[in-house]
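A.B. asks: Below you will find the structure I want to go over with you.
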Amino acid sequence: MDYYKPRKVRPLRIVAMALRSLTKLLSAWPIMLIAAFVISPVGPHLRWSYTYRDVGADYRIYITCEYLGSRGKVHYIRGDHCPFITVIDRRDHP
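Each number in our numbering comes from the position in the sequence shown (counting from 1) with 7 added on.
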């Protein structure tokens, strides 16, 4: 005598398995976010230092800016302004 073996794949069971897999993946989002921050060449950078020249009473021309990101320091020539936080593509700036 054989026991019962369901042979039919039920669509709701597949949906339930997909949703369970998705929730397990979403529970690890902080780890995935940190990994993406370290691996990606494009990311946020924080202004570390800068040099500027005074032009007027309240106006400066920034000559160079140095930013600190996930892969180290980046020398960045910006132009008129040097924002405190910016997104830099590391492939364009060695």
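In this text, a Cβ means the ideal position worked out from N, Cα and C, and glycines have one as well.
This structure is a prediction, so every number in the text was calculated from the model and none was measured.
Is Gly76 buried or exposed, if buried means 16 or more other CB atoms sit within 10 Å of its CB?
C.D. replies: By the neighbour-count rule (16 or more Cβ atoms within 10 Å), Gly76 is buried.
A.B. asks: Taking 7 Å as the threshold (C-beta atoms), are His52 and Tyr74 in contact?
C.D. replies: Yes.
A.B. asks: Hey, would you say Arg78 sits closer than 7 Å to Arg97, going by beta carbons?
C.D. replies: For Arg78 and Arg97, yes; Cβs fall inside 7 Å.
A.B. asks: Beta-carbon separation of Tyr69 and Tyr57 under 7 Å?
C.D. replies: Cβ atoms of Tyr69 and Tyr57: closer than 7 Å.
A.B. asks: Rounded to whole angstroms, what is the Cα-Cα separation between Val94 and Val49?
C.D. replies: The straight-line gap from Cα to Cα measures roughly 7 Å.
A.B. asks: What are the boundary residues of the alpha helix (DSSP H) that Val49 is part of?
C.D. replies: Looking at the DSSP string, Val49 is not in any alpha helix (DSSP H); the run it does join, the beta strand (DSSP E), is 49-61.
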